[in-house]
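Before any comments, here is the structure.
There are 2 protein chains.
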Amino acid sequence: MGAREAGLPAVVPAVGLPSRVTIWEVGARDGLQNEQAVVPVEVKLEFLDRLAAAGLGVLEATSFVHPRWVPQLADAEDLLARLRQADGVRYPVLVPNERGLDRALAAGVRHVAIFGSATETFAKRNLNRTLDEQYAMFEPVVARARAEGLDVRAYVSMCFGDPWEGPVDPTRVAAVGKRLMDLGCSQLSLGDTIGVATPGQVEAVLGQVAAAGVGVDAVAVHFHDTYGQALSNTLAALRLGVTTVDSSAGGLGGCPYAESATGNLATEDLVWMLDGLGVETGVDLDKLADTSAWMAERLGRPSPSRVVRALRG
Amino acid sequence: MGAREAGLPAVVPAVGLPSRVTIWEVGARDGLQNEQAVVPVEVKLEFLDRLAAAGLGVLEATSFVHPRWVPQLADAEDLLARLRQADGVRYPVLVPNERGLDRALAAGVRHVAIFGSATETFAKRNLNRTLDEQYAMFEPVVARARAEGLDVRAYVSMCFGDPWEGPVDPTRVAAVGKRLMDLGCSQLSLGDTIGVATPGQVEAVLGQVAAAGVGVDAVAVHFHDTYGQALSNTLAALRLGVTTVDSSAGGLGGCPYAESATGNLATEDLVWMLDGLGVETGVDLDKLADTSAWMAERLGRPSPSRVVRALRG
Numbered sequence: 001m002g003a004r005e006a007g008l009p010a011v012v013p014a015v016g017l018p019s020r021v022t023i024w025e026v027g028a029r030d031g032l033q034n035e036q037a038v039v040p041v042e043v044k045l046e047f048l049d050r051l052a053a054a055g056l057g058v059l060e061a062t063s064f065v066h067p068r069w070v071p072q073l074a075d076a077e078d079l080l081a082r083l084r085q086a087d088g089v090r091y092p093v094l095v096p097n098e099r100g101l102d103r104a105l106a107a108g109v110r111h112v113a114i115f116g117s118a119t120e121t122f123a124k125r126n127l128n129r130t131l132d133e134q135y136a137m138f139e140p141v142v143a144r145a146r147a148e149g150l151d152v153r154a155y156v157s158m159c160f161g162d163p164w165e166g167p168v169d170p171t172r173v174a175a176v177g178k179r180l181m182d183l184g185c186s187q188l189s190l191g192d193t194i195g196v197a198t199p200g201q202v203e204a205v206l207g208q209v210a211a212a213g214v215g216v217d218a219v220a221v222h223f224h225d226t227y228g229q230a231l232s233n234t235l236a237a238l239r240l241g242v243t244t245v246d247s248s249a250g251g252l253g254g255c256p257y258a259e260s261a262t263g264n265l266a267t268e269d270l271v272w273m274l275d276g277l278g279v280e281t282g283v284d285l286d287k288l289a290d291t292s293a294w295m296a297e298r299l300g301r302p303s304p305s306r307v308v309r310a311l312r313g
Numbered sequence: 001m002g003a004r005e006a007g008l009p010a011v012v013p014a015v016g017l018p019s020r021v022t023i024w025e026v027g028a029r030d031g032l033q034n035e036q037a038v039v040p041v042e043v044k045l046e047f048l049d050r051l052a053a054a055g056l057g058v059l060e061a062t063s064f065v066h067p068r069w070v071p072q073l074a075d076a077e078d079l080l081a082r083l084r085q086a087d088g089v090r091y092p093v094l095v096p097n098e099r100g101l102d103r104a105l106a107a108g109v110r111h112v113a114i115f116g117s118a119t120e121t122f123a124k125r126n127l128n129r130t131l132d133e134q135y136a137m138f139e140p141v142v143a144r145a146r147a148e149g150l151d152v153r154a155y156v157s158m159c160f161g162d163p164w165e166g167p168v169d170p171t172r173v174a175a176v177g178k179r180l181m182d183l184g185c186s187q188l189s190l191g192d193t194i195g196v197a198t199p200g201q202v203e204a205v206l207g208q209v210a211a212a213g214v215g216v217d218a219v220a221v222h223f224h225d226t227y228g229q230a231l232s233n234t235l236a237a238l239r240l241g242v243t244t245v246d247s248s249a250g251g252l253g254g255c256p257y258a259e260s261a262t263g264n265l266a267t268e269d270l271v272w273m274l275d276g277l278g279v280e281t282g283v284d285l286d287k288l289a290d291t292s293a294w295m296a297e298r299l300g301r302p303s304p305s306r307v308v309r310a311l312r313g
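Respectively, the protein sequence lines represent chains A and B.
Just so we're aligned, residue 1 is where the first sequence starts under full-length UniProt numbering, counting upward by one.
Just so we're aligned, residue 1 is where the second sequence starts under full-length UniProt numbering, counting upward by one.
Below is the structure:
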């Protein structure tokens with residue numbers, strides 16, 4: 001008999017956790033942009049429909065980055081034009097700059113996200129900017145998005161470690177986050193882009209971000225499971241009051257077999273823990289696992305999610 | 001550049017954790033007994049030597065279960081006769097019954113472990129005993145081992161969920177654990193045999209075990225990573241004062257692609273977290289990852305450990 005049929009996981013709440021968590025599902029954007037395969041738009045649309053049907057309320061749908069850099073998401077306009085938005089579900093998109101915002105606005109998008117860096121080296125490599133220059137780049141994007149009535153999330157990448165600079169000072173992460181919030185963003189997503197964080201570091205970064213004046217309600221965490229640390233880091237963040245967690249259905253994103261692996265925390269592994277803790281997410285774990293198993297077939301490789309492999313492998 | 005060369009993970013202690021953790025390495029026993037391949041004794045000996053050289057201080061070496069049930073460990077006598085025991089390292093072995101203890105004593109073993117069940121169904125299926133009958137079976141084993149001056153650990157399996165019975169009552173786990181300790185065992189290892197536990201349940205079980213009068217110093221946790229929960233459950237246990245954690249180098253044990261998967265928490269994933277938290281283990285992570293990559297080659301399949309795949313994939 002299977003664990004699910006036997007009524008597992010058991011529901012046993014822990015002290016000091018939120019009663020409800022919002023899962024910010026990034027599979028269709030952060031997941032697919034890091035897959036080698038280019039997925040047909042019809043498959044992406046079905047993926048988004050299935051994720052909504054599984055109860056996820058925030059689906060980051062795509063990115064308006066230049067197709068030269070991310071050919072996997074070159075179909076952003078087509079995708080959004082054909083997307084059947086489910087009631088009550090938000091479909092934010094990533095906009096790297098003003099040109100990206102133009103495209104997003106033309107497509108009728110209502111929620112956008114920008115993507116900043118906590119370190120000089122990654123700002124240079126990913127944005128071709130210094131840390132200071134990134135604010136100048138983002139300022140008109142956020143101002144115009146806000147003027148158009150859009151909600152803006154700010155990703156901060158490399159918050160815990162950088163492969164060129166090593167450990168990242170939590171006070172620097174907090175300073176970068178505060179600057180981005182001061183531009184007019186409504187939420188910070190603190191990213192462990194290379195998956196190296198551990199729970200004490202999570203506490204240190206969240207502590208500094210709070211000390212900089214950013215309320216925990218405006219903070220999301222975004223962990224990658226490269227070194228298997230994503231879920232324990234999430235637990236540490238939940239204990240400090242974080243209620244928005246980024247994850248990717250099936251752990252999509254990046255090859256799990258190389259040091260450059262950047263697989264996101266798998267939504268199923270997160271939901272297993274939250275279901276067991278009695279923390280509401282609105283997600284139907286079995287429907288979600290079915291969706292990720294279906295997507296893994298489309299991608300031609302097994303899901304990196306432990307839950308998906310165990311339930312549907 | 002790689003994360004290790006960049007000095008990662010960063011070391012940032014968290015409040016309320018022990019300063020030192022003893023890793024009870026079960027790869028050579030619990031790991032290999034669940035692998036389909038039968039590993040030559042020379043490879044097992046080199047594996048144990050390498051684990052000791054990587055700084056692990058407790059290496060569960062083999063099991064004296066009848067070769068009919070576990071052919072993978074049929075070479076127990078040969079292995080122990082040829083083993084070069086490293087200074088300061090303990091090499092416990094599993095003994096299922098009096099016959100197993102006879103064999104262990106004849107081989108000069110100084111530390112043994114028995115393997116009990118928290119549920120009736122698993123006791124019946126694994127031991128062909130009721131819960132009450134298991135104590136009668138273990139009583140003479142523990143008594144004689146103690147009389148011979150041996151240290152006895154008691155595993156309790158299915159402490160968090162049972163695939164036939166579903167959720168397991170924490171008070172039952174505590175009652176089973178207390179009975180085994182009363183027989184004369186010095187340590188309980190609370191096992192999540194099918195990997196379904198979540199952190200609230202860990203707190204509940206540890207709370208009941210403490211309430212039954214078993215001190216936390218005598219308690220170890222043994223998590224399987226079937227659903228990706230092992231490390232966050234470990235973190236919950238550490239916060240409650242547990243200082244002995246079972247894990248398996250490279251995550252050896254069980255096929256990771258089936259629902260019956262019973263892969264242990266990978267020692268590398270555990271050490272990454274403990275290194276980051278500044279919790280001493282004595283383990284050299286890079287030497288350990290080299291060992292697991294070497295063993296994965298011998299077994300002909302990639303290591304299930306995220307750290308091993310990221311560093312050596």
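Quick reminder that beta carbons are idealized off the backbone N, C-alpha and C, glycines included.
Predicted model only: the values in this text are computed from it and were never measured.
Within chain A, no residue has its beta carbon less than 7 Å from that of A212 (chain B); the closest one is some 18 Å off. Classified as buried, Q72 (chain A) has 16 or more neighbouring CB atoms from the shown chains inside 10 Å of its CB. For E203 (chain A), at least one C-beta of chain B is nearer than 7 Å to its own C-beta. When DSSP reads this structure, P167 (chain B) sits in a beta bridge with B:G161.
R298 (chain A) has no beta-bridge partner at all, per DSSP.
Cβ proximity to chain A below 7 Å picks out D225, T226, Y227, G228, Q229, L231 and S232 from the stretch 209-233 of chain B. With 16 or more other CB atoms across the displayed protein chains lying within 10 angstroms of its CB, V205 (chain A) is buried. With a contact defined as Cβ atoms closer than 8 Å, C159 (chain A) and A211 (chain A) miss out at about 15 Å. Rounded to the nearest whole angstrom, the CA to CA distance from K124 (chain B) to D132 (chain B) is 11 Å. Straight through space, the alpha carbons of G149 (chain A) and W272 (chain B) are spaced by roughly 44 Å. T130 (chain A) counts as exposed, since fewer than 16 other beta carbons sit within 10 angstroms of its beta carbon.
The stretch 277-296 of chain A and the stretch 228-244 of chain B do not touch, with fewer than three beta-carbon pairs separated by less than 8 Å.
Beta-bridge analysis with DSSP links H111 (chain B) to B:D151.
Taking a beta-carbon distance threshold of 7 Å, P71 (chain A) does not count as an interface residue toward chain B. Against chain A, a Cβ distance below 9 Å from P163 (chain B) picks out M1, G2, A3, E5, A6 and L8. Note on T267 (chain B): 16 or more other CB atoms within 10 angstroms of its CB, so buried under the neighbour-count rule. Residue range T267 to L277 is occupied by the alpha helix (DSSP H) that includes E268 (chain A), with no beta strand (DSSP E) assigned at that position. Spanning the alpha carbons of P18 (chain A) and V214 (chain A) requires a straight line of approximately 18 Å.
Assignment of beta-bridge partners to W24 (chain A) by DSSP yields A:V58 and A:D246.
Among the CB atoms of chain A, none fall inside 7 Å of the CB of G282 (chain B). The Cβ atoms of V112 (chain B) and V58 (chain B) lie no closer than 7 Å to each other. Counting along the chain, the unbroken beta strand (DSSP E) around G191 (chain B) starts and ends at Q187 to D192. In the three-state scheme derived from DSSP, where H, G and I count as helix and E and B as strand, N264 (chain A) is classed as strand. The C-beta of L265 (chain B) comes no closer than 7 Å to any C-beta of chain A. Three or more Cβ pairs closer than 8 Å define a contact, and the stretch 34-53 of chain A falls short of that threshold against the stretch 2-15 of chain A.
Rounded to whole angstroms, G16 (chain A) and E280 (chain B) show a C-alpha spacing of 27 Å. Non-local beta-carbon contacts of A14 (chain B) in its own chain, meaning distances under 6 Å to residues more than five positions away in sequence, involve L277 in chain order. Excluding five sequence positions before and after A54 (chain A), the CB atoms of its chain that fall closer than 7 Å to its own CB belong to V283, D284, K287, L288 and T291, given in chain order. Taking the C-beta atoms as reference points, S247 (chain A) is found nearer than 7 Å to L270 (chain A). V176 (chain B) sits in a helix when the DSSP states are folded into three classes.
In the three-state reduction of the DSSP assignment, A220 (chain A) falls in the strand class. The residue among A:S189, A:P304 and A:G88 with its C-alpha nearest the C-alpha of D217 (chain A) is A:S189. In the DSSP assignment, the residues bridged to V93 (chain A) are A:T62 and A:V112.
Among the residues facing chain A, A296 (chain B) is not included, as its CB has no counterpart in that chain under 7 Å away.
Contact annotation: in the stretch 100-126 of chain B, no residue has its CB less than 8 Å from a CB in chain A. Residues of the stretch 158-185 of chain A that bring their beta carbon within less than 9 Å of a beta carbon in chain B comprise F160, G161, D162, P163, W164, E165, G166, P167, V168 and P170, in sequence order.
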